[in-house]
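From first to last, the protein sequence lines stand for chains S and D. Residue 195 in this note's numbering sits at position 195 of the first sequence; the count goes up by one each step and never skips. Residue 1192 in this note's numbering sits at position 192 of the second sequence; the count goes up by one each step and never skips. Note that the Cβ used here is the ideal one computed from N, Cα and C, for glycine as well. Below is one structure, written out as structure tokens; the observations come after it.
There are 2 protein chains.
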Amino acid sequence: MTASRAPVRQSSVRAHNLALVLQIVANSPDPISRAATAAASGLTRATVSALVDDLIAGTLLTEVEPAPRNRAGRPAAGLRLAPDGPAGLGLEINVDYRAACVVDLTGRVRHRLLEPGDQRPVDAATALAGLSRLAREALRRAEADGLTVAGAALAVPGLVAADGTVRIAPNLGWHDVAVGDLLDGLPVTVDNEANLAALSELGAGDLPPSFVYVSGEIGIGAGIVLDGTLFRGVRGWSGEIGHLAIDPAGPPCRCGAQGCLEQYAGQEAMLRAAGVATVAELAGADLSVAGQALGTAISAVVNLLDIGTVVLGGIYAPLLPRLREAIGAEVDRRVLTADWSAIELRAARLGPDAAMRGAAGAVIRSVLDDPAGWLARDRP
Amino acid sequence: MTASRAPVRQSSVRAHNLALVLQIVANSPDPISRAATAAASGLTRATVSALVDDLIAGTLLTEVEPAPRNRAGRPAAGLRLAPDGPAGLGLEINVDYRAACVVDLTGRVRHRLLEPGDQRPVDAATALAGLSRLAREALRRAEADGLTVAGAALAVPGLVAADGTVRIAPNLGWHDVAVGDLLDGLPVTVDNEANLAALSELGAGDLPPSFVYVSGEIGIGAGIVLDGTLFRGVRGWSGEIGHLAIDPAGPPCRCGAQGCLEQYAGQEAMLRAAGVATVAELAGADLSVAGQALGTAISAVVNLLDIGTVVLGGIYAPLLPRLREAIGAEVDRRVLTADWSAIELRAARLGPDAAMRGAAGAVIRSVLDDPAGWLARDRP
DNA sequence: ATGGATTTGTTTATTGGTTGAATTATTTGG
DNA sequence: CCAAATAATTCAACCAATAAACAAATCCAT
């Protein structure tokens, strides 16, 4: 039932502790010594030394010069993530561009390729072929840098089934698209853009381990992060916040129901309500209707999940100053527990690249979460 | 980040594998042999034998006569949970009764004490003193049976903070009540009744590992079970479904907002709408308004969490036949993914005792989840 | 400059726990 | 009554972490 259904052997102990040590180093802002890692992990220095040897041999960690220090004792050798080890390839197909990026273990974006162009008129196969070209170019450049690409992830604006097929991506006009073998065998996972953007914000630091990322685009999606892990739902399509009911007698929605959030706070609805033509012009408009609707939806999330932090991304990020008051008022009114524990609203830190960087970050994260799997891979 | 921040030593391996073996036995409908357990767990027979020895010595498992079999080979000794080992004490304080029960490891209710009486006029201290008497009597009877009570849990209809204080229980008139030391040192955990009832339904079997339990009483609460574990939210107050917004212009709610679910599907609202005085009379009434409101709220849950099963408890359980159509229609209309994956509505199996049994079950579950902790306890 | 104090990192024997193979136990079937 | 089959236990080997001793590299006081 509750406990996982897998036996644990000694090798799992090692796998767990490798991940533990690696993540302590990864989360340390400055290079950290073996001894400090041992103290932080609760393992002995001897054990940490042995684990670190493996991690260095596997190009996951590197030793750097000891930081000069004015205390007695042998100076500590610093450990940090290797910038020339495994890397993640992040891909994205969205309404008006295709993009790829390469991110190394330390989180730095090493390469970034963007191909603007409306994807709606082209069919899925053509769009994917174009993406494949872009991705190969990114791989070529990564290899030239001496990086080993550990995997790839693709962000799409739509519902993705557990097996990676895109069930529906309304704004791309996609319907049951299997991405297939894009890169000659290099596995490509596919995920929803809001989910990946949420992970990306998590990686950007300074966020609590549980939060909701709300992405405002043509549609509205949400990525739910619980305790540092993306919550995907039972079948993989959680976070469909865009179709929460705001008013049962509200305007009809393209989903067939009435009064969905999208009809109040979706990009098109906001433009229509403000009587302007571009997103940039919204900065001067009255957004109280959208804000109130967003507040109602956010209240539902908080009442159900008791999450204290909401990150607003996509077009909402720059508009947050104008939305905050209406959202806050509605949340205060509707969330029972708001009296004890405040709900924090934040603007997303990362711009439009969030989803793509989150995709690359997901690959990196999978290596950091299971270094033993990386060490045991078939060497080239 | 994602991986837990604790080191793993060999002893944790044993702790994990003890839990693994114990739960395989617990989940087996019939007594199961060591060999079959080994096959199911992936451990070797030698290891399972050693683990089982410990579990038997700790009165968690017992050997039963081998089931007669018509095949060659030494007959297998059956293993099952010990009915005379640790037991859980479940407590409940609700609007019109106090109750206690003792449940053994196998899930059987061994004792059940119920003291009817309106708790609203008495203050919290008096109610708790009465509960304490009831609990002591239950403990006495458990001891007379040779059971060792491993712990106690209390179900209350209200919001419970992480430290066990009841922040607010509107229908009891409680406000920041610390339960304190009820039973001379025996630890008592406190939890929301909907949460515990949800766990109770999970234990009653036949449910998928992720579902939502909706409890209709004076207020409406929800227990969210994700992957076999209760989801409590960041600060412990998840599942406040009763105050989801159904209609922003709806009737005012005692929470201060307008159009909350409780104003449509709460017990009092349903009675008022049907023009009857007792819950029993609702069976013949038109419940389409409540059903539609419930359907809207359930759609919100499913859209956010992608959960495929909803269990309706409390007063909703007997009324489900009359509610199903309205709920179903609204869910089909509002849940994007309903086309691919059906949402199943079920009536709760357990009656009014669900929360109290869930409380006892939570104690049992904590032993099953961490048998090593139980084995390492100070023996009497 | 030199020896003691201090901190880091490695070496080595020990311990806890699983594994795999061999062994013992208990049944059915010819 | 013996062979085949299945269940459970015993025992040596192995793997990974620990504790304690040791080596290395620095600061500081004399």
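- With fewer than 16 other CB atoms across the displayed protein chains lying within 10 angstroms of its CB, S/Val64 is exposed.
- With contacts defined as CB atoms closer than 8 angstroms, S/Thr37 and S/Val48 qualify as a contacting pair.
- Exposure of S/His175 is indicated by the presence of fewer than 16 other C-beta atoms within 10 angstroms of its C-beta.
- S/Ile315 and S/Glu217 do touch by the CB rule: their CB atoms are close to 7 angstroms apart, below 8 angstroms.
- For S/Ala138, the three-state secondary structure derived from DSSP is helix.
- Around the C-beta of S/Trp340, fewer than 16 other C-beta atoms lie within 10 Å, and the residue is accordingly described as exposed.
- Among the residues facing chain S, D/Trp1237 is included, as its CB has a counterpart in that chain under 8 angstroms away.
- The CB of D/Arg1333 comes closer than 8 angstroms to the CB of Gly256 and Ala257 in chain S, given here in chain order.
- In this chain, the beta strand (DSSP E) harbouring D/Val1177 covers Trp1174 to Val1177.
- The beta-carbon of D/Asp1184 is placed no less than 8 angstroms from the nearest beta-carbon of chain S.
- Scanning chain S for C-beta atoms nearer than 7 angstroms to the C-beta of D/Ser1041 yields Pro7, reported in chain order.
- Spanning the alpha carbons of D/Leu1207 and D/Ala1076 requires a straight line of approximately 30 angstroms.
- Taking 4 residues as the shortest admissible run, the segment 1214 to 1296 of chain D contains the following complete alpha helix (DSSP H) segments, listed from N- to C-terminal end: 1262 to 1265 and 1267 to 1274.
- Of all C-beta pairs linking the segment 356 to 363 of chain S to the segment 90 to 105 of chain S, three or more are shorter than 8 angstroms, placing the two stretches in contact.
- In terms of beta-carbon proximity, S/Gln263 stays away from the interface with chain D, with every pair separated by 8 angstroms or more.
- Collapsing the DSSP output to three states places D/Ala1082 in coil.
- Following the DSSP letters along the chain, one finds D/Glu1330 inside the alpha helix (DSSP H) bounded by residues Tyr1316 to Arg1334.
- The beta carbon of S/Glu240 falls within 8 angstroms of a beta carbon belonging to chain D, placing the residue at that interface.
- Between D/Leu1336 and D/Ala1300, the beta carbon gap of about 12 angstroms keeps them out of contact (Cβ cut-off 8 angstroms).
- Secondary structure at D/Asp1369: helix, using DSSP grouped into helix, strand and coil.
- Here the segment 114 to 134 of chain S makes no contact with the segment 78 to 88 of chain S; the two share fewer than three CB pairs at distances below 8 angstroms.
- A residue is called buried once 16 or more other Cβ atoms fall within 10 Å of its Cβ, and S/Pro252, having fewer, is exposed.
- When secondary structure is reduced to three states using DSSP, S/Gly358 falls in the helix class.
- D/Leu1202 has its alpha-carbon roughly 38 angstroms from the corresponding atom of S/Gly266.
- Here S/Arg112 is bridged, per DSSP, to S/Cys101.
- With fewer than 16 neighbouring CB atoms inside 10 Å of its own CB, S/Glu281 falls in the exposed class.
- Residue-level contact check: S/Ala245 touches chain D, since one or more beta carbons of chain D fall below 8 angstroms from its beta carbon.
- Residue contact check for D/Gly1308 against chain S: a CB pair falls below 8 angstroms.
- In summary, S/Gln10 is exposed, with fewer than 16 beta-carbon neighbours lying within 10 Å of its beta-carbon over all protein chains present.
- Secondary structure note for D/Ile1343: it is in no beta strand (DSSP E), with a DSSP letter that is neither H nor E.
- The beta carbons of S/Ala178 and S/Thr165 sit closer together than 8 angstroms.
- Membership of D/Gly1151 in the beta strand (DSSP E) is indicated by the continuous run Thr1148 to Val1156.
- Take the alpha-carbon of S/Ile343 and the one of S/Ser33: they are about 38 angstroms apart.
- The beta carbon of D/Gly1242 sits closer than 6 angstroms to those of Gly1219, Ile1220, Leu1261 and Glu1262, all from its chain and outside the five residues before and after it, given in chain order.
- Taking a C-beta cut-off of 9 angstroms against chain D, the contacting residues of the segment 286 to 299 of chain S are Gln292, Ala293, Thr296, Ala297 and Ser299, listed in chain order.
- Between the C-alpha atoms of S/Asn195 and S/Gly223 there is a straight-line separation of about 4 angstroms.
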